[in-house]
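My numbering puts the first residue of the sequence shown at 4, with every later residue one more than the last.
All C-beta atoms, glycine included, are put in the ideal place defined by N, C-alpha and C.
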Amino acid sequence: MVSKKKGASKKAGQASKGETVGVLTLSYEEAKARLEHLEGLEQVSQNDLVEYYGVDQDPGELHARPSTQRKGNPNCLAGMVPSPEGTRVKGIWSKDHPSLCKPGDDPKQLRRSAPSQPTGLTNLGATCYVNALVQALFYVPPLRKGILHANDVLRADPAISQLRRIFAMMQAGPFSKVDSKPLVSTLRLPEDVQQDLQEFKTFLFGYLEERFAEAATQYDDVMKAFRGRESWAMRCEKCKKFSSKSTEVQRFYEVQVEPEHSRGLPVCLERAFASEEVEGVNCEHCKARRTFTRFHAVRELPEYLVLSVKRYKWDLRSGERKKINSQMQFPTSLDMGRILETSIYATDFGEELQKHCPYQPG
Numbered sequence: 004m005v006s007k008k009k010g011a012s013k014k015a016g017q018a019s020k021g022e023t024v025g026v027l028t029l030s031y032e033e034a035k036a037r038l039e040h041l042e043g044l045e046q047v048s049q050n051d052l053v054e055y056y057g058v059d060q061d062p063g064e065l066h067a068r069p070s071t072q073r074k075g076n077p078n079c080l081a082g083m084v085p086s087p088e089g090t091r092v093k094g095i096w097s098k099d100h101p102s103l104c105k106p107g108d109d110p111k112q113l114r115r116s117a118p119s120q121p122t123g124l125t126n127l128g129a130t131c132y133v134n135a136l137v138q139a140l141f142y143v144p145p146l147r148k149g150i151l152h153a154n155d156v157l158r159a160d161p162a163i164s165q166l167r168r169i170f171a172m173m174q175a176g177p178f179s180k181v182d183s184k185p186l187v188s189t190l191r192l193p194e195d196v197q198q199d200l201q202e203f204k205t206f207l208f209g210y211l212e213e214r215f216a217e218a219a220t221q222y223d224d225v226m227k228a229f230r231g232r233e234s235w236a237m238r239c240e241k242c243k244k245f246s247s248k249s250t251e252v253q254r255f256y257e258v259q260v261e262p263e264h265s266r267g268l269p270v271c272l273e274r275a276f277a278s279e280e281v282e283g284v285n286c287e288h289c290k291a292r293r294t295f296t297r298f299h300a301v302r303e304l305p306e307y308l309v310l311s312v313k314r315y316k317w318d319l320r321s322g323e324r325k326k327i328n329s330q331m332q333f334p335t336s337l338d339m340g341r342i343l344e345t346s347i348y349a350t351d352f353g354e355e356l357q358k359h360c361p362y363q364p365g
């Protein structure tokens with residue numbers, strides 16, 4: 004019943020005087036006397052074991068410094084918790100440990116002062132492009148309503164569910180910011196790599212339109228708020244006739260504009276919808292290659308027009324992609340009717356094209 008630090012196989016009679024035997028620092032004579040006392044008893048009581056192992060000793064002060072004098076005291080708590088004036092630099096009690104030296108934000112300071120106050124989204128490192136698009140989409144009533152009032156089919160989708168949570172917290176949540184990490188993780192987006200906003204918008208719009216189409220017909224108008232209809236009309240400069248492909252109608256979800264020489268948005272939009280010449284196109288009427296004029300024929304504008312500013316272009320001389328640093332001025336209101344005067348329907352050839360693809364303003 005007596006364990007030894009050194010030479011566990013040593014016999015009791017071979018222990019040197021003053022050697023540490025058992026859990027207490029005893030002399031050999033004291034340890035031997037206690038052992039003989041226990042062996043001589045017919046029945047060992049609990050008090051005998053308590054006295055033998057020394058578990059009845061005083062634990063001492065909690066903040067006391069460790070000492071060799073307490074080495075044999077199994078109840079000793081010295082050194083487990085440093086004193087307030089201590090200088091311990093390791094372990095969970097380190098002064099530099101953030102959980103001790105820096106408390107978290109006060110919940111009162113995170114609350115919105117008023118329900119009308121905008122709610123922000125946490126930036127996880129390089130996810131500002133995600134936050135910018137999500138916040139912009141929140142202020143589109145058809146989309147916000149479709150997400151918040153999603154049926155069971157849509158709620159089962161992890162990305163829709165996270166987007167719904169963010170929209171709900173932005174609309175009625177008590178806090179001034181919402182954690183965007185669950186949405187970013189669900190979409191498997193890297194937190195430390197900046198992505199292109201236009202590419203992310205294309206991905207998210209395609210994802211939402213596919214999910215809404217699978218859910219029910221009641222969600223057909225959700226993405227229609229961003230959807231326009233257009234045609235690329237081709238007119239032969241020799242026979243002055245339009246190609247049959249001019250009647251093809253396509254959907255579009257954005258209009259890309261390119262800033263040039265610090266011009267405003269209306270001028271950039273006029274350039275985006277302006278006509279251009281294309282050489283070497285096979286004319287189905289002339290049966291030969293001709294020069295064609297291509298017109299951007301907008302058949303229907305969406306309720307919410309998304310404009311994408313082209314900030315990079317390919318430099319043919321250097322063979323590299325260069326950034327366009329020109330500034331662009333955005334007016335508070337935009338008259339698209341005046342801008343679309345450059346469309347094919349406002350030209351002298353609009354009447355002829357109207358026979359092929361009639362324009363019905365939305």
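Taking the alpha-carbon positions, what's the residue i to residue j distance?
i, j, result
"GLN165", "ASP155", "14 angstroms"
"VAL260", "THR205", "16 angstroms"
"ARG238", "HIS288", "11 angstroms"
"LYS325", "LEU319", "10 angstroms"
"LEU190", "THR130", "12 angstroms"
"SER336", "ILE342", "12 angstroms"
"VAL47", "LEU41", "7 angstroms"
"SER246", "PHE298", "12 angstroms"
"PRO145", "ASP223", "11 angstroms"
"LEU151", "ARG214", "14 angstroms"
"GLN221", "PRO334", "35 angstroms"
"TYR256", "ASN285", "30 angstroms"
"ARG274", "PRO118", "42 angstroms"
"VAL441", "GLY123", "This structure leaves residue 441 out entirely; the chain is present only between 4 and 365."
"GLU323", "PRO177", "49 angstroms"
"ARG254", "ASN126", "33 angstroms"
"ASN78", "ASP109", "39 angstroms"
"LYS370", "MET172", "Because the chain spans 4 through 365 in this model, residue 370 falls outside it and cannot be assessed."
"LEU308", "LEU200", "16 angstroms"
"ALA216", "ASP160", "13 angstroms"
"GLU45", "LYS35", "18 angstroms"
Report yes if the CB atom of residue i is closer than 9 angstroms to the CB atom of residue j, and no otherwise.
i, j, result
"GLN198", "LEU192", "yes"
"MET331", "VAL312", "yes"
"ALA218", "ALA153", "yes"
"ARG158", "ARG167", "yes"
"GLU233", "THR296", "no"
"PRO262", "ARG314", "yes"
"ASN76", "PRO62", "yes"
"LEU186", "VAL133", "yes"
"LEU279", "GLY231", "Reading the sequence as shown, one finds Glu at residue 279 and not Leu. Their beta carbons are not under 9 angstroms apart, which means GLU279 does not touch GLY231 by this criterion."
"PHE203", "LEU310", "no"
Looking at the structure shown, is residue i part of a helix, part of a strand, or coil, going by DSSP?
i, result
"TYR142", "coil"
"ALA153", "coil"
"VAL331", "Note on identity: in this sequence residue 331 is Met, with Val being the wrong assignment. Of the three classes helix, strand and coil, the one that applies to MET331 here is coil, per DSSP."
"CYS239", "strand"
"SER234", "strand"
"GLY176", "coil"
"ARG115", "coil"
"LEU124", "strand"
"ASN134", "helix"
"GLN259", "strand"
"GLN253", "strand"
"LYS1", "For the chain, the structure presents residues 4 to 365; residue 1 sits outside this window and is missing."
"LYS244", "coil"
"THR23", "Note on THR23: pLDDT 39, under 50, position unreliable in the model; the coordinate value appears next. Coil at THR23, not helix or strand."
Determine the closest residue to residue i out of the options, with distance taken between C-alpha atoms.
i, options, result
"GLU194", "GLU202, GLN201, SER183", "SER183"
"GLN174", "THR294, ARG314, ARG115", "ARG115"
"ASN328", "GLU282, ARG293, ARG266, VAL137", "ARG266"
"VAL258", "PHE245, PHE276, GLU251", "PHE276"
"MET226", "GLU233, GLU212, ALA219, GLU217", "GLU212"
"PRO228", "ARG293, ARG292, LEU140, PHE298", "Just to set this straight, residue 228 is Ala in the shown sequence, not Pro. Ranking ARG293, ARG292, LEU140, PHE298 by Cα distance to ALA228 puts LEU140 first."
"ARG37", "SER48, TYR256, GLU54, GLN46", "GLU54"
"ARG293", "THR250, PRO305, LYS243", "LYS243"
"LYS111", "ASN126, SER179, PHE170, PRO161", "SER179"
"ALA300", "LYS290, VAL58, VAL252", "VAL252"
"PRO121", "GLN138, GLU33, ARG302", "GLN138"
"ALA162", "VAL281, SER188, GLY176, PRO177", "SER188"
"GLY149", "ASN78, PHE203, PHE170", "PHE170"
"GLY128", "LEU80, ALA117, VAL196", "VAL196"
"LEU113", "VAL181, PRO305, GLY43, TYR56", "VAL181"
If you follow the alpha helix (DSSP H) that residue i is part of, which residue opens it and which one closes it?
i, result
"LYS184", "184-189"
"SER49", "Looking at the sequence provided, one finds Gln at residue 49 rather than Ser. Run containing GLN49: 49-56, per the alpha helix (DSSP H) assignment."
"ARG320", "Per DSSP, ARG320 belongs to no alpha helix (DSSP H) and is neither H nor E."
"GLU270", "According to the sequence displayed, residue 270 carries Val and not Glu. Unbroken alpha helix (DSSP H) run through VAL270: 268-275."
"GLY340", "339-342"
Would you kindly report the start and end of the unbroken beta strand (DSSP E) that includes residue i?
i, result
"THR294", "291-303"
"LEU310", "310-312"
"GLN201", "Element bounds for GLN201: not the beta strand (DSSP E) but the alpha helix (DSSP H), 200-218."
"GLY366", "For the chain, the structure presents residues 4 to 365; residue 366 sits outside this window and is missing."
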